[in-house]
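Below: the structure, in structure tokens.
Protein chains in written order, with the working numbering: chain H, 1 to 465; chain C, 466 to 881.
See below:
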């Protein structure tokens, strides 16, 4: 299969004077529509003392607006046979609906109402705070979450990616309804958001309704640039003592921004390192040496430079130092040899297929557009060049980019080992939670055991249920 | 949903007793193939818990024509994602690669060889998973809950087996089990993709016509009844939250009350967002949890499922949560649901069905479910009328017959 000319979907762009933008894509044949309202507001916009407010606010957006009383957004959606949800990450917050084609415009009404008119009632705020604190506790019990968060806090010492999306318990406990109101007023507005609608829609009619509903919204403040993360001056390490009986490890290398050419190269490298049975680390550490039960490599690029993370789950009795040494050897091998031609072809086939899979359902398709729009300088138009870019990457470039980023003198290494008295000689694991959605789909193509067992503890918001 | 949904499904039965199903999904560029054989809960020998699970895990660890790595590389090279399971396997791929993908699925399901080294490696991985599960209070509580509800029934066993039982399994056990139970009779191979159904059936037939073998007689699992009253146990673990499971034996998918109970579930505890009673009360109003649910139909299958209420909460809220569940269970048994609640749930159920039909894998699974449970392929046309005819009194009366607040098993694990 080769990259084809129609990679860029036929999107109609509606731009309003107040900075609001909508991407409309018509597709059938099922009479369904998905909408994603994406705010360029995430945990990286939070200041010291207000961590977690973006995610908590996302919860409150379902607790009533001037037009929709508490519970009405969910009830209205359900009565229409639709579904809705939301998530918060470091760079953004997204609210989404799937509805039947003859009633999807109700989603626009709801989104317009909560862009500026969310009630943030103090009683509801107090009750929902308990829910968020329970969500935090749930994450603390997840064996991967503390590992992942420790790696992030080591990788980002200055940049606000340092703190977890869900926030710190004390900040959440101290946060007032007024504090959240101020945050909402500061950050939620048409110039900080864009809308994606995909499905059986009439584009002209949708555009008119969008202008009517969002055209008079006042702007929020423009987004501030966060502090830049200086280059690390050496390796950073941590050892966590956990109540779990399994040893886990995370190695993180600082990388680049989403959408940069290196990002695509890192996607290919991540696949070759650990995202299939045929990957280097899986073959060596799981199949040959039988030291691990799981390996997962995530290219976590973001709007500011992100990281490539290697997550390992160790078999019982295996010393983490042995695993780390072998990971170092394999990474060095990748730097020296690059990716074999046949492996590169296999990886590219996986990436191409993952693009097709994302178009099976309207919501996946809308989310793909939204992630590219939010995360890359060229926005959704990047989709025209994604697959050709993967195809153009040479083995020389793979080696160079591997050498540029996979430097243990800049890495963060975290071991999570059983606390004294907690059974086991060292390690083991559990299947489970789905790996977090990446900021773009390309790197999600994984297969075989690596996919089955892929997991990581990244905090995603989402109102759950 | 006011727009009628039509679905083209074709069916063909092979002389071996294998049924082929093909669903037309126009407009997509992808394909899914699903094999689901007639393998039942009672087929796993009682002295080998975890065998069926290990067989599923090892299907892709080496076959007649490929070793483990070659099989994985062959799938990845055509952009396919393939996985084995206890009843067969699934492959998803670009529609252009469906022929090759079906050949690999055939290889995976019908011709695995269970090589000793690979089986032992996967076995060690499963043992590690079991150990990690022992760390996870939600899994610990869920396992114990099932054991209490099902007793000696096969569904009462931990699906992965125990550390002891898994350690004892030999590659030969896996081969014997596969030889005995992976048979065509009573099984299904379903496909969904953009091609015409008849064309897809031809392709399925070509791929699976050599799958032969006489059916084996299944041993019926022991009957299971409601557990005696008043089982309440807490398994302490040093964690932030406590995970509580509360409930009892449920129903089979073929039970005539299934649809009324599905309406009841949505009012009580499985409605979307925070529309259900337990979600509104325990999460939205009382702020006790992030995750809460209650329902009886979700687990209904060929064997009886469970009525399960679940909450993950802080330990000081455990009793309040249990009391909250009990109150709502008693209420739905004694009072008819309000006209508004009933209408809201009917609107949701009749309108949301279409979203389950978007993905190829869902469509293939739908076709199998429709045949296996005798629902008929026109089920999606009939479903709205079935739901619309349900009355509030029916919901109350059915809840009274199927929910048993005096026979609840309550199990929790985690923080004390």
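Every residue, glycine too, gets a C-beta built ideally from N, C-alpha and C.
Fill in: Interface residues of the region 583 to 612 of chain C facing chain H [CB-CB below 8 Å]
586, 589, 590, 592, 593, 594, 596, 597, 598, 599, 600, 601, 602 and 604
Item to complete: Could you say if the region 623 to 631 of chain C and the region 795 to 805 of chain C meet the contact criterion of at least three C-beta pairs nearer than 8 Å?
Response: no
Worksheet item: Buried or exposed: residue 35(H), going by 16 or more other Cβ atoms within 10 Å of its Cβ?
Response: Here the question's residue 35(H) lines up with position 35 in the first chain. With 16 or more other Cβ atoms from the protein chains shown falling within 10 Å of its own Cβ, residue 35(H) counts as buried.
Worksheet item: In chain H, which residues lie less than 7 Å from residue 809(C) when you measure between Cβ atoms?
Response: Locating residue 809(C) in the second chain gives position 344, counting from the first residue. Those are 75, 78 and 79, listed as they occur along chain H.
Worksheet entry | Assumed close pair residue 270(H), residue 154(H) - CB separation to whole angstroms, cut-off 8 Å | Counting from one through the first chain, the residue named residue 270(H) turns up at place 270. Counting from one through the first chain, the residue named residue 154(H) turns up at place 154. The Cβ separation is near 20 Å, so there is no contact.
Discussion item. Taking the alpha carbon of residue 475(H) as the reference point, which residue from 371(H), 273(H), 205(H) and 125(H) has its own alpha carbon closest?
Written reply: For chain H, the structure presents residues 1 to 465; residue 475(H) sits outside this window and is missing.
Worksheet item: When DSSP labels each residue in this structure, what does residue 638(C) get in the three-state scheme?
Response: Residue 638(C) sits at position 173 when you count from the first residue of the second chain. Under the three-state reduction of DSSP, residue 638(C) is assigned to helix.
Discussion item. Any beta carbon of chain H sitting closer than 8 Å to that of residue 689(C)?
Written reply: Translated into the one-based positions of the second chain, residue 689(C) becomes position 224. Not closer than 8 Å to any Cβ of chain H, the Cβ of residue 689(C) fails to qualify, so no.
Worksheet item: Which residues in the same chain as residue 22(H) place their Cβ atom closer than 6 Å to its Cβ, once the five residues preceding and following it in sequence are excluded?
Response: Taking the first chain and counting its residues from 1, the one referred to as residue 22(H) is at position 22. Within the same chain, residue 22(H) has close Cβ partners 14, 195 and 210.
Practice prompt. Go ahead and label residue 691(C) buried or exposed: buried means 16 or more other beta carbons lie within 10 angstroms of its beta carbon, across all protein chains shown.
Written response: Position 226 of the second chain, counted from the start, is the residue given in the question as residue 691(C). Classification for residue 691(C): exposed.
Worksheet item: Among the residues of its own chain, which have a CB less than 6 Å from the CB of residue 575(C), if the five just before and after it don't count?
Response: Taking the second chain and counting its residues from 1, one reaches residue 575(C) at position 110. Answer for residue 575(C): 676, listed in chain order.
Item to complete: Sort 506(C), 627(C) and 568(C) by Cα distance to residue 598(C) and report the nearest one.
Response: Start at 1 with the first residue of the second chain, and residue 598(C) comes out as number 133. When only C-alpha atoms are compared, the closest one is 627(C).
Worksheet item: Within 8 Å (strictly less), CB to CB, does residue 812(C) reach chain H?
Response: Position 347 of the second chain holds residue 812(C). Output row for residue 812(C): interface = yes.
Practice prompt. Return the first residue and the last residue of the beta strand (DSSP E) that residue 653(C) is part of.
Written response: In the second chain, the residue the question calls residue 653(C) occupies position 188. From DSSP, the beta strand (DSSP E) with residue 653(C) extends over 653 to 658.
Discussion item. With H, G and I counted as helix, E and B as strand and the rest as coil, what does DSSP make of residue 489(C)?
Written reply: By 1-based counting over the second chain, the position of residue 489(C) is 24. If DSSP states are grouped into helix, strand and coil, residue 489(C) belongs with the strands.
Fill in: Collapsed DSSP secondary structure at residue 696(C) in the structure displayed
Counting from 1 along the second chain, the entry for residue 696(C) is found at position 231. In this structure, residue 696(C) counts as strand in the three-state DSSP scheme.
Practice prompt. List the whole-angstrom C-beta distance separating residue 299(H) from residue 344(H), where the pair is believed to meet the contact cut-off of C-beta under 8 Å.
Written response: On the first chain, position 299 is the one that residue 299(H) refers to. On the first chain, position 344 is the one that residue 344(H) refers to. Rounded, the Cβ-Cβ distance is 16 Å, inconsistent with contact.
Fill in: Where residue 747(C) falls: helix, strand or coil (DSSP)
Counting from one through the second chain, the residue named residue 747(C) turns up at place 282. Here residue 747(C) carries a helix assignment [DSSP, helix/strand/coil].
Fill in: Element boundaries [alpha helix (DSSP H), containing residue 254(H)]
One-based indexing of the first chain puts residue 254(H) at position 254. Here residue 254(H) belongs to no alpha helix (DSSP H); instead the beta strand (DSSP E) covers 248 to 254.
Item to complete: May I ask you to list, following chain order, the residues of the region 53 to 77 of chain H that have a beta carbon less than 9 Å from some beta carbon of chain C?
Response: 62, 63, 70, 71, 73, 74, 75 and 77
Worksheet item: What does DSSP give as the partner residues of residue 144(H) in its beta bridges?
Response: Position 144 of the first chain, counted from the first residue, corresponds to residue 144(H). None, per the DSSP bridge assignment.
Worksheet item: When the cut-off is 8 Å and only beta carbons count, does residue 619(C) lie next to chain H?
Response: As a first step, residue 619(C) is located in the second chain; it is residue number 154 there, counting from the start. No, because no Cβ of chain H sits closer than 8 Å to the Cβ of residue 619(C).
Item to complete: Note down the Cα distance separating residue 116(H) from residue 82(H), rounded to an integer number of angstroms.
Response: Sequence index remark: in the first chain, residue 116(H) carries index 116 (1-based). Sequence index remark: in the first chain, residue 82(H) carries index 82 (1-based). The alpha-carbon atoms of residue 116(H) and residue 82(H) are separated by roughly 23 Å.
Worksheet item: Under a Cβ-count criterion, where at least 16 other Cβ atoms within 10 Å of its own Cβ denotes burial, should residue 365(H) be classed as buried or exposed?
Response: Reading the first chain from its first residue, position 365 is the one you call residue 365(H). When all chains shown are included, residue 365(H) counts as buried.
Worksheet item: How is the alpha helix (DSSP H) around residue 114(H) delimited, first residue to last?
Response: In the first chain, counting from the first residue as 1, residue 114(H) sits at position 114. Residues 105 to 116.
Worksheet entry | Contact list for residue 243(H) against chain C, beta-carbon separation under 9 Å | To locate residue 243(H), count along the first chain from 1; it is residue 243. Under the 9 Å cutoff, chain C gives 600, 702, 703 and 704.
Item to complete: Can you tell me the Cβ-Cβ gap for residue 199(H) and residue 371(H), rounded? I've got them flagged as a contact below 8 Å.
Response: Residue numbering aside, residue 199(H) sits at position 199 when the first chain is read from its first letter. Residue numbering aside, residue 371(H) sits at position 371 when the first chain is read from its first letter. Actually they do not touch by this definition, with Cβ atoms about 17 Å apart.
Worksheet item: My guess is that residue 409(C) and residue 138(H) are in contact by the Cβ rule of under 8 Å, so how many angstroms apart are they, rounded?
Response: No answer is possible for residue 409(C): the residues shown for chain C start at 466 and end at 881.
Discussion item. Closer than 8 Å is the cut-off here; do at least three beta carbon pairs connect the region 837 to 851 of chain C with the region 656 to 668 of chain C?
Written reply: At 8 Å Cβ cutoff, the stretches do not touch.
Fill in: residue 632(C): contacting residues in chain H (beta-carbon distance under 8 Å)
Your numbering for residue 632(C) matches position 167 in the second chain. Per Cβ cutoff of 8 Å: no residues; residue 632(C) is ~12 Å from chain H at best.
Worksheet item: Beta-carbon of residue 399(H) versus every beta-carbon of chain C: anything under 8 Å?
Response: Residue 399(H) sits at position 399 when you count from the first residue of the first chain. By this cut-off, residue 399(H) is not an interface position.
Worksheet entry | Inter-residue Cα distance where the pair is residue 508(C) and residue 501(C) | Taking the first residue of the second chain as 1, we reach residue 508(C) at position 43. Taking the first residue of the second chain as 1, we reach residue 501(C) at position 36. Roughly 15 Å between the two C-alpha positions.
Worksheet entry | Under 8 Å from the C-beta of residue 138(H): neighbouring residues of chain C | Mapped onto the first chain, residue 138(H) falls at position 138. Ordered by position in chain C, the residues that pass the 8 Å Cβ test against residue 138(H) are 705, 706, 755, 756 and 777.
Worksheet item: Using the rule of at least 16 other Cβ atoms within 10 Å of the residue's Cβ for burial, across every protein chain shown, is residue 866(C) buried or exposed?
Response: Locating residue 866(C) in the second chain gives position 401, counting from the first residue. So residue 866(C) ends up on the exposed side.
Worksheet item: Helix, strand or coil for residue 682(C) per DSSP?
Response: The count along the second chain starts at 1 and reaches residue 682(C) at position 217. Coil.
Worksheet item: What number of angstroms, rounded off, separates the C-alpha of residue 656(C) from the C-alpha of residue 571(C)?
Response: Against the second chain, residue 656(C) aligns to sequence position 191. Against the second chain, residue 571(C) aligns to sequence position 106. Taking the straight line joining both Cα atoms gives about 13 Å.
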